[in-house]
Amino acid sequence: MRFMDRRVLWGNMPTRYWVGACVAGLACMGALAGCRHVTKSEADGRTWFQFAPSAPPPPTTSARMPVGAPPTTRDVVADAQPIEPLAKPFYPGAARGVKLGVVTVGVRITIDTEGHVADVMPSLTHLALPSRFSREFQDAVEVALAQWRFVPSEVRHMEEALGAEGGTYLRLAGREKIEAKGEVVFTFSDDGAVGSGWWAK
Numbered sequence: 003m004r005f006m007d008r009r010v011l012w013g014n015m016p017t018r019y020w021v022g023a024c025v026a027g028l029a030c031m032g033a034l035a036g037c038r039h040v041t042k043s044e045a046d047g048r049t050w051f052q053f054a055p056s057a058p059p060p061p062t063t064s065a066r067m068p069v070g071a072p073p074t075t076r077d078v079v080a081d082a083q084p085i086e087p088l089a090k091p092f093y094p095g096a097a098r099g100v101k102l103g104v105v106t107v108g109v110r111i112t113i114d115t116e117g118h119v120a121d122v123m124p125s126l127t128h129l130a131l132p133s134r135f136s137r138e139f140q141d142a143v144e145v146a147l148a149q150w151r152f153v154p155s156e157v158r159h160m161e162e163a164l165g166a167e168g169g170t171y172l173r174l175a176g177r178e179k180i181e182a183k184g185e186v187v188f189t190f191s192d193d194g195a196v197g198s199g200w201w202a203k
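Each residue of the sequence shown is one higher than the one before, counting from 3 in this note's numbering.
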């Protein structure tokens, strides 16, 4: 069996065959170029191949508001914010020297539209262990809370507006103060130190 000279083979091959072979070769090279080699684990030494992710889609532009369409509105609620400094309750004199350890008093408060504490109720989330001085600690907490001030909670009415280039954005159309509720936890230590934590609800 004689092996033919490759030059003779290619020279005698019809044009459509060697053109097709070239195209197939280029396609294979392109597919390999689209792969990237990723090390799966340096510990076991194995590797694997995955196709590189396709190019991310072009960024979307802001939607355009149809001519004559009513603006879209949205309400955003801003929580009440305590204004520093916040008064701390005094350790009840009747309980001094009794060695109660750490006493915790949790309350749920209502803040009116002027930023004052309008109501104080025992917390159902942060329960305190009852003691014979529970009323004294509760009174001390309420006296301190009566001095607290807040930036009132409010509802901000936002509406969709047409931008300079045809896109849309949200702008403030109005605001309305509302009541808010929150949880406050006070801790009293034997040495007279008092700490507090505030949670908006």
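C-beta atoms are modelled at their ideal positions from N, C-alpha and C, and glycine is treated no differently.
Within the same chain, show all residues whose beta-carbon is closer than 6 Å to that of residue i, passing over the 5 residues directly before and after it, in chain order.
i, result
"Pro148", "The sequence shown places Ala at residue 148, not Pro. So the list is empty, once near-sequence residues are dropped."
"Thr75", "Glu161"
"Arg151", "Ile85 and Gly117"
"Thr115", "Pro154 and Lys179"
"Ser125", "Gly108, Val109, Arg110 and Glu185"
Spatial neighbours of residue i within its chain, please: C-beta separation below 7 Å, excluding the five flanking residues on both sides.
i, result
"Gln140", "Val107"
"Gln83", "Phe152 and Val153"
Is it buried or exposed for residue i, if we count other Cβ within 10 angstroms and need 16 for buried?
i, result
"Val214", "Outside the shown range of the chain (3 to 203) lies residue 214, about which nothing can therefore be said."
"Ala97", "buried"
"Pro87", "exposed"
"His188", "Per the sequence presented here, residue 188 reads as Phe, with His not at that position. The residue in question, Phe188, is buried, as its Cβ has 16 or more Cβ neighbours within 10 Å."
"Ser191", "exposed"
"Ala142", "buried"
Between the options, which lies nearest to residue i when the distance is taken from Cα to Cα?
i, options, result
"Phe92", "Lys183, Asp114 and Ala146", "Ala146"
"Gly197", "Gln83, Ala80 and Ala89", "Ala89"
"Gly95", "Phe135, Gly184, Gly199 and Leu174", "Phe135"
"Ala120", "Gly199, Ala182 and Gly194", "Ala182"
"Asp81", "Ala195, Val186 and Glu156", "Glu156"
"Ile113", "Pro154, Ala142, His128 and Leu102", "Pro154"
"Gly194", "Val79, Leu102 and Asp77", "Leu102"
Leaving out five residues on either side along the sequence, give the residues of the same chain with a beta carbon under 8 Å from the beta carbon of residue i.
i, result
"Ala65", "Legend: pLDDT at Ala65 = 46, less than 50; position of this residue unreliable, no value from coordinates given."
"Ala29", "Reliability fails at Ala29, whose pLDDT of 43 lies under 50, so the model's placement of it is uncertain and the value that follows must be treated cautiously. Closer than 8 Å at the Cβ level, and outside the excluded window around Ala29, lies no residue."
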